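This report concerns only the one structure given below.
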Amino acid sequence: MGLGLGIVLTLPAIFIAILSGGAGHGNYYAAAFVLPWSVLFLGRGDLTIVLGLVQLPVLGFLVGTTLCKDWRLTLAVAIIHAVAICVALIRVSH
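Per the working numbering, residue 1 is the first one in the sequence shown, and the count goes up by one each step.
Take a look at the structure:
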């Protein structure tokens, strides 16, 4: 279930990230929230694109899997993702 939700959310997230970037004339704040791992690796070519395509399905899979097993694992995934968002926001603000 989590993987499917992640797949469904990927296209809207990419659309938001593209709009946020404004074809190079905007900022990447919205992208940092919806696709933080891609923002962390901006400028790395194909890696940025691959991360943009897989990060939400992977996150959905991890949350879906850990939620059924142990809430602490889910919390750990959420904390790691939140830290990635914070670091991505710092990266785009400079």
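A virtual CB, placed ideally from N, CA and C, is assigned to each residue, including glycine.
All figures in this text were calculated on a predicted structure; none of them were measured in a lab.
- Of the candidates L3, I14, K69, I14 places its Cα closest to the Cα of W37.
- If you compare the alpha carbons of I7, L42, L9 with that of G21, the shortest gap goes to L42.
- Excluding five sequence positions before and after L89, the CB atoms of its chain that fall closer than 6 Å to its own CB belong to A32, given in chain order.
- Residue state for L59 is assigned as helix, using DSSP reduced to three classes.
- Annotation for A84: P36, W37, L40 place their beta carbon closer than 8 Å to its own, counting only its chain and skipping 5 residues before and after.
- In this structure, V77 lies away from Y29, with their beta-carbon atoms at least 8 Å apart.
- Rounded to the nearest whole angstrom, the C-alpha separation of I16 and I80 is 22 Å.
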